[in-house]
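Add 244 to a position in the sequence shown, counting from 1, and you land on the number used in the working numbering.
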Amino acid sequence: MLELLASEPALFALVATLLGLLVGSFLNVVIHRLPHMMQRDWREQCAWIDGKEVAAEAPYNLVIPRSACPSCQHPIAWYENIPVLSWLALRGRCSQCGAPISKRYPLVEMLTGVLFGYAAWRWGVGMQTLLAWGLLASLVALSCIDLDTQLLPDGITLPLAWVGLLVNLNGLFCPLDQAVIGAVAGYISLWSVYHLFKLLTGKEGMGFGDFKLLAALGAWLGWQMLLPIVLAASFAGALIGIGFIVFAGHDRAKPMPFGPWLALGGLIALFWGEDILHLWLGTSGVA
Numbered sequence: 245m246l247e248l249l250a251s252e253p254a255l256f257a258l259v260a261t262l263l264g265l266l267v268g269s270f271l272n273v274v275i276h277r278l279p280h281m282m283q284r285d286w287r288e289q290c291a292w293i294d295g296k297e298v299a300a301e302a303p304y305n306l307v308i309p310r311s312a313c314p315s316c317q318h319p320i321a322w323y324e325n326i327p328v329l330s331w332l333a334l335r336g337r338c339s340q341c342g343a344p345i346s347k348r349y350p351l352v353e354m355l356t357g358v359l360f361g362y363a364a365w366r367w368g369v370g371m372q373t374l375l376a377w378g379l380l381a382s383l384v385a386l387s388c389i390d391l392d393t394q395l396l397p398d399g400i401t402l403p404l405a406w407v408g409l410l411v412n413l414n415g416l417f418c419p420l421d422q423a424v425i426g427a428v429a430g431y432i433s434l435w436s437v438y439h440l441f442k443l444l445t446g447k448e449g450m451g452f453g454d455f456k457l458l459a460a461l462g463a464w465l466g467w468q469m470l471l472p473i474v475l476a477a478s479f480a481g482a483l484i485g486i487g488f489i490v491f492a493g494h495d496r497a498k499p500m501p502f503g504p505w506l507a508l509g510g511l512i513a514l515f516w517g518e519d520i521l522h523l524w525l526g527t528s529g530v531a
């Protein structure tokens, strides 16, 4: 089977896209439930610190309880949970109460499918594609969670950083020394910007999760990709932020998450970072 997929790039890309749709469906669960799981853990920790008895709660994780409509608690049947197709068949509404189902569910599934398919097309059958899928899935989940809650969970960013270093033990995406420097420089660079901004304005310009995410991207892609990632993230964040303020009436005083734009910069660096560097170095006349 692997030989067939390796010899037929278009077929492999199609299979990868279908796999990405399924992974995207699971990411929707992660995006919705992980922040609630974090809040539950924080409540338990606060109760423990205060010496209070922790009230017993029903199990709640990425598997339990079964997915249900948040409006009427109708359990979602398997045929109502087919990526994209079920949303279209249900016309974006619960089959029982008619409550609207967010368009983001099929969008996350389609985005993950497209990213998986393109990675398969670009690198073919191999470990690089498999690991790139893991990175891409993590970036999609982190972006949506940050948009919803302005949180970048340590449960994703920290393992992502360590895995990035392990991935590059054999230089799969970049040499190990570049990965180590990338992780350190990624964290310290945004950490420095955070404290300088706070010193000058008395305000917090970003969260610690942003430091960890850039460190993780540095661990995966190397220190040379940090500047392109930050530039792409800053440009996209500024452009979209201005658009929200001008066209959507977004309050300028209300902070906007930076994680999704870092993820976008990381995605660009993953797929086209080397081409961008070669173009820049060639333009600059550096050998």
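C-beta atoms are modelled at their ideal positions from N, C-alpha and C, and glycine is treated no differently.
Return the chain-ordered list of same chain residues with a C-beta closer than 8 Å to the C-beta of residue i, the five sequence neighbours on each side being excluded.
i	result
residue 341	313, 315, 316 and 318
residue 428	459 and 462
residue 399	278 and 282
residue 334	324 and 345
residue 367	373 and 376
residue 292	298
residue 406	463
Closest by CA to residue i, which one among the options?
i	options	result
residue 452	480, 435 and 271	435
residue 271	256, 253 and 352	352
residue 463	474, 424 and 438	424
residue 328	283, 387, 291 and 263	263
residue 378	443, 461, 345 and 296	461
residue 388	308, 440, 349 and 305	349
residue 301	498, 285 and 490	285
residue 228	295, 293, 308 and 371	Residue 228 lies beyond the stretch modelled for the chain, which goes from 245 to 531, so this question has no answer here.
residue 358	522, 511, 524 and 523	511
residue 448	487, 498 and 408	498
residue 392	247, 276 and 474	276
residue 396	450, 410, 514 and 441	450
residue 408	514, 489, 338 and 441	514
residue 265	479, 443, 287 and 331	331
residue 246	337, 322, 371 and 433	371
Tell me which residue opens and which closes the alpha helix (DSSP H) that residue i is part of.
i	result
residue 452	452-465
residue 282	253-293
residue 331	329-333
In chain order, what residues of the same chain lie with their CB nearer than 7 Å to the CB of residue i, ignoring the 5 residues before and after it?
i	result
residue 249	255, 256, 259 and 369
residue 402	456
residue 520	472
residue 418	412, 465 and 466
residue 517	465, 469 and 472
residue 253	365 and 368
Can you round the beta-carbon distance between residue i and residue j to whole angstroms, since I take them to be within the 8 Å contact cut?
i	j	result
residue 390	residue 504	6 Å
residue 426	residue 465	7 Å
residue 459	residue 431	4 Å
residue 267	residue 360	7 Å
residue 508	residue 482	About 13 Å separates the two Cβ atoms, so there is no contact after all.
residue 386	residue 454	Not confirmed; about 10 Å, so no contact.
residue 269	residue 305	Wrong, their Cβ atoms sit about 17 Å apart, outside the cutoff.
residue 384	residue 355	6 Å
residue 363	residue 373	5 Å
Which same chain residues, not among the five before or five after residue i, have their C-beta less than 6 Å away from its C-beta?
i	result
residue 394	501
residue 485	500
residue 523	none
residue 404	382 and 460
residue 310	319
residue 441	449
So that I know if they touch, is there some Cβ in chain B lying closer than 8 Å to that of residue i?
i	result
residue 518	In the structure shown, chain B cannot be found, because there is only a single protein chain.
(request) Scan the segment 351-425 and note each continuous alpha helix (DSSP H) run of 4 residues or more that stays entirely inside, going in chain order. (result) Qualifying alpha helix (DSSP H) stretches, in chain order: 371-393 and 398-411.
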